[in-house]
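Below: the structure, in structure tokens.
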Amino acid sequence: MFMNIFKYNFKEQTNAAPLAIFRLFFGFMMFASIVRFWANGWIEKLYLTPKFQFSYLGFSWIKPIGDYTYLLFIICGVSAVFVAIGYKYRIAIIIFFLSFLYIELMDKTTYLNHYYFISIVSFLLLFLPANAYFSVDAFLRKKQYQQIPKWTIDSLKLMLFIIYLSAGFVKLNSDWLFRAMPLKIWLPSKYDLPFIGENLLQQNWFHFAMSWSGMFYDLTIPFLLMYKRTRFVAFLFVVFFHVFTRVLFPIGMFPFIMIVSALIFFDATLHHKIINFIRKYILKSKTTFLLVPNFYFSKLKSKVVLALFTVFFIVQILLPWRSVLYPGELFWTEEGYRFSWRVMLMEKAGSTNFKIVNLDTGAYFRVHNTDFLTAFQEKQMSYQPDFILEYAHFLGDHFTKQGHKNVGVFAESYVALNGRLSTRFIDKKVDLYQQKASFKHKKWILPFQSEIKIKGI
Amino acid sequence: MFKRILLLFVAIVTICACSSSEEIAPEQVDSFDRSAMMKNIADNIIIPAYEDFNSKMSALKIVGETFITTPNQSNLDALRASWFAAYKTWQSVEMFDIGKAEELQFKFYMNVYPVTVNDIEDNIANESYDLNSVNNHDAQGFPALDYLLHGLADTDVAILDKYTTGENKDNYKNYISAVLGQMNTLTTSVASDFKAQRNIFVESTENTATSSVNKLINDYIFYYEKGLRANKFGIPSGIFSSTPLPEKVEGRYKNNVSKELALDALTAVKNLFEGRHYNSSETGLSFKAYLIKLNRTDIATGTSSQFNTATAQIEALENSFATQIGRMGGITGMTRSYDELQKAVVLLKVDMLQAFNISVDYVDADGD
């Protein structure tokens, strides 16, 4: 298999239909996500209500823009529809990518791996000829391409490979495999599910079976999808697995997005069937286009895109493993935890309160977190060190501005991880106001003290 | 190679599937019986507490009327004693911010302290007030009675003068009557409504944001953190301000009861956690039993013993927290108590909620 990669033929062409279907479903899924987000009132709740936003390092200039935030979501939603139907595709996907990225960068409290997934897939789509076939653009130019370079579709497959394999490898740790954590906490709490809630979900063996099969699933499913003989069964697994996780966990649209994405692995026959179905029953159109056999990138463009993709994928392969550069327990410090496909991997909660100290006199008072943070923000802040630091700086600035002198900010923080008893999390003697935000190791996080260590990846 | 992996995968899933069909045998319930826990809490804790409080409130109203008719020293003493008895019982009731209590904002009409003396005096002088108004939260309830019975003047004789010979003596008496009337009406309504809703309450055990069991637990922790830890200890000790605020203690005019009230509240919190029946040593299913069922004896016993540590710490304080705070170095005793109470906040809010997997909010999450 590795030899195949080296022998990869970048000139090979393949049928354009799978990419067209991917574009169509992806676009509509994104539109549905935006509508759902709005309908749940989350724009207001997550972006407009909070007085303070947690920013990604270096992106503190990206903030919600008041009521215009709604406009941003409209732009994002409309461009998703344009992407879906393939109308003015290139502009549409650029606008979608930028507006979605902006939304994600506004506040890291809402960070989800699947939002990251959407961002990087739409980044790839920026460069792919997803409107070559079965699109409004093709209709308007009265010309559609039957074949596109094979590497364009393979790049999406490669992305899914990286995601599944990373997600599988990071499950190879003692908490997941030998303590069945965090499923042992999550599954029994779904006691209110019909049929299985009161019995199956309560069984110890079931928690282990779910943990292990989840790990095997992630590590094998991309291969099983690759090979024709196993593909159909693999797809059934994909559907079952994601629907099951959707029933159990509040993970929104993600399962459906993954199910639809997995279709990219199928032969074009399936995609043609889907397209014919849509033509016949939804569009009711009999228009035929001039079919041009092959879509090619210009030599230069192809070189540039391939070079860019090479760099992109090297980063994608390495990024999940950057955590090895940091000392200490990853689940505890979370240094290198995000953007690494560690999905549903731990149950962590904390309680973090701050003391504002006059460093000259030693006089101090404590802060009510609810004065500044929403319940959701407080929850997220309480166990993630970068949030704690950013909030400490916010508090320091706030009280300095109010006229307090020689402000020092100290945290009383306790965190519980994967069913261990809570222990102190942040060194209470460190003035967080003096600590700079950076990608360096945060020395003020106390070492993970539990006797039940976490071994593995 | 891949065939083998596939085989393994299929095998595992098949095993899961087969065993699961065996497991789904009818009437076999492995999970903790939340409904039984809710029944214990409703029937043996909440309802008896409401009933006791309701009868103490009726008694208080009667004694109050006697005082209003004949304001003399012995009737004043009787009213004060009745006020204190009801106030103590209130400590077992305040944490149940459910149903009618939540809807009416019961606790805001019963126990907002400190009161705003100017508001009370204005109400009395003008006799045009609406006790249902949000602006009068801090001019009624137990703290207002505390002021009217202990805080009007320095001596009992001078206090009695306000009701016997003072310029506004009728207004004062009317105000006591109005405050007592309001407290009684609300109490009766909350207590009877809870009894009427009891069956719905004990059956609402899903793991959702609106189920009774989750609301009860969330409200319980909120009360412990805010009503008990912050209001009774943190705020007067100056934990949240630059200087101590001893005038913000509970029962400040009586001025020798803040410790007793706080201990009653903490006992009630502990009793609910352990499922101990109201005014009895018998116990039933509880949060603690639930934790033990989930194999989290560490949290269960840790929390109980932390409540005991906090109790011991508080018992060493002065009867009046205002005195304690004013005493040389006395503030340390208060902050130590606060710290011990805070440790239990962590156990309840972080460890227990994690074990129960109760979420604070409805938002998408993927567990990181």
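Residue numbers (my numbering), protein chains in the order written: chain A, 938 to 1394; chain B, 6 to 373.
All residues carry an ideal CB built from backbone N, CA and C; glycine is no exception.
Here the structure is a predicted model, which is why all the values come from computation and not from measurement.
Item to complete: Write down the C-beta distance between Asn324 (chain B) and Glu252 (chain B) rounded to the nearest angstrom, noting that I regard them as a contact closer than 8 Å.
Response: Taking the second sequence and counting its residues from 1, the one referred to as residue 324 (chain B) is at position 319. Taking the second sequence and counting its residues from 1, the one referred to as residue 252 (chain B) is at position 247. Rounded to whole angstroms, the Cβ separation of Asn324 (chain B) and Glu252 (chain B) is 17 Å, and the two are not in contact under 8 Å.
Item to complete: Check distances from the C-beta atoms of the segment 349 to 368 of chain B to those of chain A and list, in chain order, the residues that come in under 9 Å.
Response: Val350, Val351, Leu352, Lys354, Val355, Asp356, Leu358, Gln359, Ala360, Phe361, Asn362, Ile363, Ser364, Val365, Asp366, Tyr367, Val368
Worksheet item: chain B beta carbons: is any one of them nearer than 9 Å to that of Asp1044 (chain A)?
Response: Position 107 of the first sequence, counted from the first residue, corresponds to residue 1044 (chain A). By this cut-off, Asp1044 (chain A) is not an interface position.
Discussion item. Beta-carbon within less than 8 Å of Thr1307 (chain A)'s beta-carbon, same chain only, minus the 5 sequence neighbours each way: which residues are those?
Written reply: Translated into the one-based positions of the first sequence, residue 1307 (chain A) becomes position 370. Counting only Cβ-Cβ distances below 8 Å, and skipping sequence neighbours, we find Glu1315.
Worksheet entry | Touching by the beta-carbon criterion (3+ pairs, under 8 Å), the segment 287 to 298 of chain B and the segment 116 to 125 of chain B | no
Discussion item. Check for me: the beta strand (DSSP E) holding Thr1298 (chain A) runs from which residue to which?
Written reply: To locate residue 1298 (chain A), count along the first sequence from 1; it is residue 361. Element bounds for Thr1298 (chain A): n/a, residue is neither H nor E.
Discussion item. Quick test of the definition: if touching needs 3 or more C-beta pairs under 8 Å, does the segment 1084 to 1096 of chain A touch the segment 1324 to 1341 of chain A?
Written reply: no
Worksheet entry | Span of the alpha helix (DSSP H), counted from its first residue to its last, around Pro1086 (chain A) | To locate residue 1086 (chain A), count along the first sequence from 1; it is residue 149. It is not in any alpha helix (DSSP H) - Pro1086 (chain A) instead sits in the beta strand (DSSP E) that spans 1080 to 1086.
Worksheet item: What residue ranges within the segment 1156 to 1237 of chain A form continuous beta strand (DSSP E) runs of no fewer than 3 residues, ordered along the chain?
Response: 1227 to 1231
Worksheet item: What separation, rounded to the nearest whole angstrom, lies between the Cα atoms of Trp1278 (chain A) and Thr1006 (chain A)?
Response: What you label residue 1278 (chain A) is simply residue 341 of the first sequence in a count that begins at 1. What you label residue 1006 (chain A) is simply residue 69 of the first sequence in a count that begins at 1. Between Trp1278 (chain A) and Thr1006 (chain A), the C-alpha separation is close to 28 Å.
Worksheet item: For His1378 (chain A), which residues of its own chain have a beta-carbon under 8 Å away from its beta-carbon, when the five flanking residues on both sides are left out?
Response: Looking up residue 1378 (chain A) in the first sequence gives position 441. Beyond the five residues adjoining it in sequence on each side, His1378 (chain A) comes within less than 8 Å, by CB distance, of Tyr1263, Pro1264, Gly1265, Thr1270, Glu1272 in the same chain, given in chain order.
Worksheet item: Given that Asp35 (chain B) touches chain A, what residues does it touch there, using C-beta distances under 8 Å?
Response: Mapped onto the second sequence, residue 35 (chain B) falls at position 30. Residues of chain A passing the Cβ test: Glu1135, Asn1136, Gln1139, Gln1140.
Discussion item. Just to check my reading of the structure: Lys298 (chain B) and Phe37 (chain B) have Cβ atoms closer than 8 Å, yes? What is that Cβ distance to the nearest angstrom?
Written reply: For the purposes of this step, residue 298 (chain B) is taken as residue 293 along the second sequence, with counting starting at 1. For the purposes of this step, residue 37 (chain B) is taken as residue 32 along the second sequence, with counting starting at 1. About 4 Å separates the two Cβ atoms, so the contact holds.
Worksheet item: Can you list, in chain order, the residues of its chain whose CB lies under 8 Å from that of Leu897 (chain A), leaving out five sequence neighbours each side?
Response: Residue 897 (chain A) falls outside the range modelled here, since chain A spans only 938 to 1394, and no answer is possible.
Worksheet item: Within the chosen definition, does the segment 292 to 311 of chain B reach the segment 62 to 69 of chain B through at least 3 CB pairs nearer than 8 Å?
Response: no
Practice prompt. Put Ile244 (chain B) into one of helix, strand or coil per three-state DSSP.
Written response: Residue numbering aside, residue 244 (chain B) sits at position 239 when the second sequence is read from its first letter. Coil at Ile244 (chain B), not helix or strand.
Item to complete: State the CB to CB distance for the pair Asp1044 (chain A) and Tyr984 (chain A), rounded to an integer number of angstroms; the pair is presumed to be in contact (CB under 8 Å).
Response: As a first step, residue 1044 (chain A) must be located in the first sequence, where it is residue number 107. As a first step, residue 984 (chain A) must be located in the first sequence, where it is residue number 47. Right, their Cβ atoms sit about 6 Å apart.
Discussion item. Could you check whether the Cβ of Ser1126 (chain A) sits closer than 9 Å to any Cβ belonging to chain B?
Written reply: Start at 1 with the first residue of the first sequence, and residue 1126 (chain A) comes out as number 189. Cβ-Cβ to chain B under 9 Å: yes for Ser1126 (chain A).
Worksheet item: How would you list, in chain order, the residues of chain A whose beta-carbon sits under 7 Å from the beta-carbon of Ser246 (chain B)?
Response: For this step, residue 246 (chain B) is matched to residue 241 along the second sequence. Per Cβ cutoff of 7 Å: Phe1302.
Worksheet item: Do Ala360 (chain B) and Gly1151 (chain A) have their C-beta atoms closer together than 9 Å?
Response: As a first step, residue 360 (chain B) must be located in the second sequence, where it is residue number 355. As a first step, residue 1151 (chain A) must be located in the first sequence, where it is residue number 214. Contact flag unset, no.
Discussion item. Please report the distance separating the alpha-carbon of Asn140 (chain B) from that of Phe1291 (chain A).
Written reply: Numbered from its first residue, the second sequence carries residue 140 (chain B) at position 135. Numbered from its first residue, the first sequence carries residue 1291 (chain A) at position 354. Using only the alpha carbons, I get a separation of about 31 Å.
Worksheet item: Asn176 (chain B) by DSSP, collapsed to three states: which one?
Response: Position 171 of the second sequence, counting from 1, holds the residue named residue 176 (chain B). Helix, per DSSP.
Worksheet item: Can you list, in chain order, the residues of its chain whose CB lies under 8 Å from that of Ile164 (chain B), leaving out five sequence neighbours each side?
Response: Translated into the one-based positions of the second sequence, residue 164 (chain B) becomes position 159. Same-chain partners within the cutoff: Leu81, Leu154, His155, Leu157, Ala158.
Worksheet item: According to DSSP, which residues form a beta bridge with Gln950 (chain A)?
Response: Within the first sequence, the letter at position 13 stands for residue 950 (chain A). For Gln950 (chain A), which the question treats as bridged, DSSP gives the partners A:Pro1086.
Item to complete: Using a Cβ cut-off of 9 Å (strictly closer), state whether Ile1085 (chain A) contacts chain B.
Response: Position 148 of the first sequence, counted from the start, is the residue given in the question as residue 1085 (chain A). By this cut-off, Ile1085 (chain A) is not an interface position.
Worksheet item: So what does DSSP say about Ile1002 (chain A), is it helix, strand or coil?
Response: Position 65 of the first sequence, counted from the first residue, corresponds to residue 1002 (chain A). In the structure shown, Ile1002 (chain A) sits in coil (DSSP, three-state: anything other than H, G, I, E or B).
Worksheet item: Mind pulling the chain B residues with CB within less than 9 Å of Asp1297 (chain A)?
Response: In the first sequence, the residue the question calls residue 1297 (chain A) occupies position 360. For Asp1297 (chain A), no chain B residue has a C-beta closer than 9 Å to its own C-beta; the minimum C-beta separation is roughly 13 Å.
Item to complete: With 9 Å as the threshold, decide whether the Cβ of Asn212 (chain B) is near any Cβ in chain A.
Response: Locating residue 212 (chain B) in the second sequence gives position 207, counting from the first residue. Cβ-Cβ to chain A under 9 Å: yes for Asn212 (chain B).
Discussion item. Threshold first: 4 residues or longer. Then list the alpha helix (DSSP H) segments lying entirely within the segment 1000 to 1057 of chain A, N to C.
Written reply: 1005 to 1022, 1026 to 1043
Practice prompt. Identify whether Asn919 (chain A) lies in helix, strand or coil by the three-state DSSP scheme.
Written response: Past the boundaries of the shown model lies residue 919 (chain A); chain A is included only from 938 to 1394, so the question cannot be answered.
Fill in: Closer than 9 Å at the beta carbon, the chain B residues around Leu1358 (chain A)
Taking the first residue of the first sequence as 1, we reach residue 1358 (chain A) at position 421. Correct list: Arg301, Asp303, Ile304, Gly307, Leu352, Asp356.
Worksheet item: Using a Cβ-Cβ distance under 9 Å, would Ile1382 (chain A) count as near chain B?
Response: The residue labelled residue 1382 (chain A) in the question sits at position 445 within the first sequence. For Ile1382 (chain A), the answer is no, since every Cβ of chain B falls outside 9 Å of its Cβ.
Discussion item. Considering only their Cβ atoms, is the gap separating Ala196 (chain B) from Glu56 (chain B) smaller than 9 Å?
Written reply: The residue you call residue 56 (chain B) lines up with position 51 of the second sequence. The residue you call residue 196 (chain B) lines up with position 191 of the second sequence. Yes. Within cutoff.
Fill in: Val313 (chain B) versus B:Ile304, B:Leu346, B:Thr340, B:Ser364, residue with shortest Cα-Cα distance
Here the question's residue 313 (chain B) lines up with position 308 in the second sequence. Reading off the sequence, residue 313 (chain B) comes out as Asn, not Val. Residue B:Leu346 is the option with its Cα nearest to Asn313 (chain B).
Discussion item. My assumption, with CB atoms under 8 Å, is that Ile1391 (chain A) sits in contact with Ser1111 (chain A). Please give the rounded CB distance.
Written reply: Reading the first sequence from its first residue, position 454 is the one you call residue 1391 (chain A). Reading the first sequence from its first residue, position 174 is the one you call residue 1111 (chain A). About 6 Å separates the two Cβ atoms, so the contact holds.
Practice prompt. Kindly list, in the order they appear in chain B, the residues whose Cβ is closer than 7 Å to that of Asp1129 (chain A).
Written response: By 1-based counting over the first sequence, the position of residue 1129 (chain A) is 192. By Cβ distance, chain B contributes Glu211, Asn212.
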